[in-house]
Structure formats: C-alpha cells, structure tokens
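Residue 25 in this note's numbering sits at position 25 of the sequence shown, and the numbers go up by one each step.
Beta carbons are placed, not taken as given, at the ideal position from N, Cα and C, and that holds for glycine.
Contents: one structure, followed by commentary.
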Amino acid sequence: MAKPVSEAYPKISTRILIYFLVTVFSHFINYNISLCLTMNKSLVPEYSLVEESFYFQGIIILSGNIFSLIPNIYFLIRTFTYEPFQKRVLFKYMTMIMSFEYSFGNCMHILFCIYYFYHLNTHTMIHVNTCSKFQILDTDWNQIVIMTPIFFNIIRFYNVILQKSTNIFAILITLLVAFGGLCYLTVPQLLEIDIYYIPKTGCPYEIYSSVPYFILVQYFNMFLLILIPVLAFLINYIIYKLVIRKKRSVYKRDTVLENRNLFKSIAIQSFYPFGCQLPGVLLVLYTILFQQTDNLFNHIIVFIYHFGQAFCIFFSLIVIKEFKNMILNDFGIPTSIGVSKVSTLKTVTLVRTKR
Numbered sequence: 001m002a003k004p005v006s007e008a009y010p011k012i013s014t015r016i017l018i019y020f021l022v023t024v025f026s027h028f029i030n031y032n033i034s035l036c037l038t039m040n041k042s043l044v045p046e047y048s049l050v051e052e053s054f055y056f057q058g059i060i061i062l063s064g065n066i067f068s069l070i071p072n073i074y075f076l077i078r079t080f081t082y083e084p085f086q087k088r089v090l091f092k093y094m095t096m097i098m099s100f101e102y103s104f105g106n107c108m109h110i111l112f113c114i115y116y117f118y119h120l121n122t123h124t125m126i127h128v129n130t131c132s133k134f135q136i137l138d139t140d141w142n143q144i145v146i147m148t149p150i151f152f153n154i155i156r157f158y159n160v161i162l163q164k165s166t167n168i169f170a171i172l173i174t175l176l177v178a179f180g181g182l183c184y185l186t187v188p189q190l191l192e193i194d195i196y197y198i199p200k201t202g203c204p205y206e207i208y209s210s211v212p213y214f215i216l217v218q219y220f221n222m223f224l225l226i227l228i229p230v231l232a233f234l235i236n237y238i239i240y241k242l243v244i245r246k247k248r249s250v251y252k253r254d255t256v257l258e259n260r261n262l263f264k265s266i267a268i269q270s271f272y273p274f275g276c277q278l279p280g281v282l283l284v285l286y287t288i289l290f291q292q293t294d295n296l297f298n299h300i301i302v303f304i305y306h307f308g309q310a311f312c313i314f315f316s317l318i319v320i321k322e323f324k325n326m327i328l329n330d331f332g333i334p335t336s337i338g339v340s341k342v343s344t345l346k347t348v349t350l351v352r353t354k355r
C-alpha cells in the first residue's frame, strides 16, 4: 500500500537536509584549506612546467570524456529525429539542452587534456594564466550544467500546475541568482583584476581576485551549487504529487504511469549533475578526517565523475518506455514488446493448429 504524501515528505526532506549539510561543510572546509595556500602575483612565474603527477588523472579524464561524448551526441541528435519527443515538447528541449551541455563540457575537458599533454610531451613551459583561465571556464561550465534543470522545472510548474505561461520575471530573477555570482567571480579572474594565486592540480596555479566581496560571493556561489539542484528536485516532486492527485480519479492508469515516469526522468536530469559531486565530497571528508589524500581514492572519484557524465541522459530516458525502446532498437537489442508479440503469435498459431 502506498504511503500518504504527508509521511513521504519528512523522509525525503530529511535525506536532502543531511546531504545538504554534509556537502556544505565539506566545501567550506576545503575552500578554507585552499585559502591558506594563497600566493601573491609577484611570487608566481609567468611560465611553468606542467605537473607530471597529473598525467594518470589526465588520461582518466581524457578517456572518460571521449567515452561520454558519444552517447551525449547520440541523445542530442535523437531529440531532433525521434517522434515521441515531439509529444513532450518541454521534455524534448530539456533533454536537448542537457545533452548539448554535457557534450560541450566533454569537449572542453578533452581540449584541456590535449592542451596539458601537448606541453607535457613536448617539455615546453605552460603559460600559467592561460592554463588557469582554461580550467576556470571548464569548471564554470559544470556549474551551468548543474543550474540548468531548475529553469525547466519552473516552466513546468507554471504550465502544468498554474496552467498559464511562464512569468518572465521569475525566470530573470532565477537567472540572476543562479549566474550573477558566477559572473562576478569569473570576470575579474579572466580580466586579471587585482589577482592572486592558489596552487592547483592540473594547472600549476589558479587565478583568484581581491575585488570586494569576492570571498563572500564565493561562499554564496557554493551554497547555490548545493541548494538549486535540491530546489529543482523538490519542485519536480511537488508537480508530480499534485498532478497525480488531480488525475488519478479522472484518467486511466497509463496516464498516471506516464506522469510517474516523467517525474523520474526529470528528477534524474535535475539531480544527477549534483549527485556526481558526491564522490568529491567524500574525498574532501576523507582528507579532513585522516589529514592525508589517498591517490587511489582520488583516481576512482575522477573516473566515476567523468565516465558518469555518459549516463545522465541515458538513465533519464530508459524510465520512459518509448525512449527505452528507441535505445534498444537503435542498437539492435530485442525489446520486450517484440518478445511479447512473438510469444502471442506462437500461442495463437498453436491454438489454431489444435483446432
């Protein structure tokens, strides 16, 4: 028997709260540790040799993103060519944009690794600021991927629950909150306004800025990276519960099942990018508790994160029958529908033969 909605909410909110607090704590400690290693601009050379210790991790990142790029491009193309996407317009655009963002992010990771390996193998010195800016843009793109789903959940809330067009001011305010801090942090770093450096893996150093409120905005931005995916998930959950409550007494079981699967799919796209950060959070907690870094653990986390980018759209689509069949058919795997039809045909033939 299904549990009442009132009983389900506390369990979900408790789990999210625990995850939220652990992640905030780990990010806060990790960031303060890094600030202890700050270096003035005069102490950092303009050119530096790349870190050879990053070599194995770079191979994992490069191979993981080449692997992930293939399915993400495949799903991006199918949003244009597969007819059932046209019946779910908002879901189509969400899948299209998320597939594009993952594909673009994969390409950025690949280009950064090529940039790194070129300088490593040719034994040429790397331009510190160029490398740092490359890595900053690479990291910032990950934030865009994490933030994107909330916009689609807000649009769904207006269209499905309120049954009216989306309030443009709600979108603009969300856009300002989600990306205002990111722009405030990134622009001074890229334009090299009052900068200092922090040692970084991959590039020798990362550029930071001493513009007013930079550290405060950094904390706020970290807070948003954790809060917004949680809000996106909760909005999607509320939409699902309200739609199911409204339609259960009116529509057929197939409609209820469709809404349940749509909720699962959008929930995966909303929370999966944030969930990929969990291994990194565990690494930070491990470093804090044991005062050491486990290289094997670090490599495993990097492997999970970069290879995991191949599966967000995949997991979000296989929960919907039509898209699951699309994937199976495209790769020549028999579907359950096909097996069922063959089984039915055999049964009918057997009955006719007996007669």
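By the criterion of a C-beta distance shorter than 7 angstroms, Asn-221 is surrounded in its chain by Gly-181, Leu-182, Leu-185, once the five residues flanking it on both sides are discounted. The alpha carbon of Gly-275 has as its nearest neighbour, out of Val-211, Asp-138, Asn-142, Arg-88, the alpha carbon of Asn-142.
Assignment of beta-bridge partners to Ser-209 by DSSP yields Ile-195. Ser-103: member of the alpha helix (DSSP H) spanning 89-122, first to last residue. Remark: C-beta atoms of Ile-320 and Ser-265 approach each other more closely than 7 angstroms.
Here Tyr-240 is buried. Its C-beta has 16 or more other C-beta atoms within 10 Å. If you check the CB distance, Ile-155 and Thr-166 come in under 7 angstroms. At the C-beta level, Leu-49 and Met-98 stay beyond 7 angstroms of one another. Beta-bridge annotation (DSSP): His-299 is not paired with any residue. About 6 angstroms separates the beta carbons of Glu-46 and Val-128, which is inside the 8 angstroms limit, making them a contact pair. Across the set Pro-212, Thr-201, Ile-70, the C-alpha of Ile-70 shows the shortest separation from the C-alpha of Cys-107.
Note that the region 57-70 touches the region 303-323; at least 3 beta-carbon pairs, one per stretch, sit closer than 8 angstroms. Counting only runs of 4+ residues, the alpha helix (DSSP H) found wholly inside the region 36-87 occupies 55-81, 84-87, in chain order. Under the DSSP assignment, Lys-324 falls in the alpha helix (DSSP H) whose first and last residues are 321-330. Where Lys-164 is concerned, there is no enclosing alpha helix (DSSP H), because DSSP gives it neither an H nor an E. Taken atom to atom, the span from the alpha-carbon of Asp-194 to that of Tyr-116 is near 26 angstroms.
Looking only at Lys-324, Pro-334, Gly-332, the smallest Cα-Cα distance to Pro-84 is reached by Lys-324.
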